[in-house]
Amino acid sequence: MLVDVQNLHKSLLSPLGGPSVDILRGLDFTLEEAATVAVLGPSGSGKSTFLNILGALDHSDSGLVRVAGLDLSQLKNRALSEYRNQTVGFVFQMHHLLPQCSVLENVLAPSLVTRGRDRSQIEARARELLDSLGLAHRLAHRPGELSGGERQRVAVARAMVLSPKLLLADEPTGALDRAAAANLGEILLQMNRKYQVALLVVTHSRELASQMQRVLELKDGKLLQAS
């Protein structure tokens, strides 16, 4: 089991200063290695909050979150940073590329804080990823010179460059047109198949969700089989 979540609870403070709002209420979730799953749900249902907890960008109020044998509640400072850097990869709705850096430099950015890894091997993997994503001719270009779909492909390569076990994608096609969105969905599945990385996609797109092995819906703070 790669991901094991049990009885997860998370509440958020009301923006108007009222009582806190329960977002996740006893959520349970499991994910096998190299499996794919989509999570559907309306805006505000807690999908991104759940993803951020799995990625250690946020923390739960209570419950167990174990990824790749690591209990996230027990990780401190350096161990948390290493987890975010090496165990999980992130793809967001907006690419968050560094505008002043080239495509290759953006993909290599996660390696700048990585210790004990062969830099030449990481660069070779970056080039391999970009080549497989049809971007070998774009290595020296800046993000501003790319299309929206190309920028998201660079973001996927950056998320995969350190060989994560879990790829988290938060509305990855939300800012793309239909054709680019379909292409990115296939790319995410290509990463899953080629590199055996588990894929968890949060999305409003039922078309994208239907390509995953499992489709769940976040409703009333819990994950249920989607109807």
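Per our numbering, the sequence shown runs over residues 55 to 281. Every residue gets a Cβ at the ideal spot worked out from N, C-alpha and C, and that includes glycine. Predicted model, so just to flag it, every value in this text is computed and none were measured.
Along the alpha helix (DSSP H) that carries V75, what are the first and last residues, could you check?
Along the sequence shown, read from residue 1 onward, the residue named residue 75 stands at position 21. Counting along the chain, V75 falls outside any alpha helix (DSSP H), though it belongs to the beta strand (DSSP E) covering 75 to 85.
Let me know the alpha helix (DSSP H) ranges lying completely inside the stretch 94 to 166, each 4 residues or longer, listed in chain order.
With a minimum length of 4 residues, the continuous alpha helix (DSSP H) runs that stay inside the stretch 94 to 166 are 101 to 108, 131 to 136, 157 to 162.
Please go through the same chain and pick out, in chain order, the residues whose beta-carbon is closer than 6 Å to the beta-carbon of L216, but skip the five residues on each side of it.
In the sequence shown, residue 216 corresponds to position 162, counting from 1. Excluding residues within five positions, the ones whose Cβ falls inside 6 Å are Q140, P164.
Spell out a yes or no on whether the stretch 93 to 105 and the stretch 240 to 259 are touching, meaning 3 or more CB-CB pairs, one atom from each, closer than 8 Å.
Touching, per the Cβ criterion.
Where does the unbroken alpha helix (DSSP H) through Q244 begin, and where does it stop?
The residue you call residue 244 lines up with position 190 of the sequence shown. Its alpha helix (DSSP H) spans residues 232 to 249.
So what does S174 bridge to, in DSSP terms?
On the sequence shown, position 120 is the one that residue 174 refers to. Answer by DSSP bridge pairing: none, since S174 is not bridged.
Cα-Cα, which of F104, A213, R212, E240 is closest to N61?
Stepping through the sequence shown from its first residue, residue 61 is reached at position 7. When only C-alpha atoms are compared, the closest one is F104.
The alpha helix (DSSP H) spanning R192 covers which residue range?
On the sequence shown, residue 192 is found 138 positions in, with the first residue counted as 1. Segment: none, R192 is in no alpha helix (DSSP H) and carries neither H nor E.
Let's see if you can read the secondary structure: which residues bound the alpha helix (DSSP H) around E199?
Looking up residue 199 in the sequence shown gives position 145. Run containing E199: none; DSSP gives neither H nor E here.
Looking at the strands, I want to know which residues DSSP matches up with D224.
As a position in the sequence shown, residue 224 is number 170, starting the count at 1. Partner(s): V256.
Do L272 and G100 count as a contact pair if the criterion is CB distance below 8 Å?
Your numbering for residue 100 matches position 46 in the sequence shown. Your numbering for residue 272 matches position 218 in the sequence shown. Yes, the pair counts as a contact, with Cβ atoms nearer than the cut-off.
Run through DSSP, which three-state label would Q279 get?
Here residue 279 refers to the residue found at position 225 of the sequence shown. If DSSP states are grouped into helix, strand and coil, Q279 belongs with the strands.
Could you tell me whether the Cβ atoms of L108 and V121 are closer together than 8 Å?
Taking the sequence shown and counting its residues from 1, one reaches residue 108 at position 54. Taking the sequence shown and counting its residues from 1, one reaches residue 121 at position 67. In this structure, V121 lies closer than 8 Å to L108 by Cβ.
Let's test the definition: count the other Cβ atoms within 10 Å of the Cβ of N160 and tell me whether it reaches 16, buried, or not, exposed.
As a working note, residue 160 is residue 106 in the sequence shown. Classification of N160: buried, given that the 10 Å Cβ count is 16 or more.
Could you give the distance in angstroms between the alpha-carbon of N246 and the alpha-carbon of G72?
Locating residue 246 in the sequence shown gives position 192, counting from the first residue. Locating residue 72 in the sequence shown gives position 18, counting from the first residue. The alpha-carbon atoms of N246 and G72 are separated by roughly 43 Å.
Using only the alpha-carbon positions, how far apart do T90 and L70 sit?
Residue 90 sits at position 36 when you count from the first residue of the sequence shown. Residue 70 sits at position 16 when you count from the first residue of the sequence shown. Rounded to the nearest angstrom, the two C-alpha atoms are 37 Å apart.
Who pairs with Q30 in a beta bridge, going by DSSP?
Residue 30 is absent from the model: the chain starts at 55 and stops at 281.
Give me the Cβ distance between H150 and S114, rounded to the nearest whole Å; I'm assuming they're in contact under 8 Å.
Indexing the sequence shown from 1 puts residue 150 at position 96. Indexing the sequence shown from 1 puts residue 114 at position 60. Between S114 and H150 the Cβ distance is about 24 Å, and since that is not below 8 Å, they are no contact.
Check the C-beta distance from D58 over to L134 and give it rounded, since I have them as a contact under 8 Å.
Position 4 of the sequence shown, counted from the start, is the residue given in the question as residue 58. Position 80 of the sequence shown, counted from the start, is the residue given in the question as residue 134. That belief does not hold up - the Cβ atoms of D58 and L134 are roughly 18 Å apart, past 8 Å.
Using DSSP bridges, identify the partner residues of T90.
Counting from 1 along the sequence shown, the entry for residue 90 is found at position 36. Answer by DSSP bridge pairing, in chain order: L253.
Excluding the 5 residues preceding and the 5 following I77 in the sequence, name in chain order all residues of the same chain whose CB lies nearer than 7 Å to its CB.
In the sequence shown, counting from the first residue as 1, residue 77 sits at position 23. Only K64, S65, L66, G100, T103, G275 meet the Cβ criterion.
What residues in its chain sit with their C-beta under 8 Å from that of V142, if we drop five residues either side in the sequence?
Here residue 142 is taken as the residue at index 88 of the sequence shown, counted from 1. The residues are L108, G109, A110, V121, P218, K219, L220, L221, L222.
Could you check if L166 is buried or exposed, using at least 16 other CB atoms within 10 Å of its CB as the buried criterion?
By one-based count along the sequence shown, residue 166 stands at place 112. By the 10 Å Cβ count, L166 comes out exposed.
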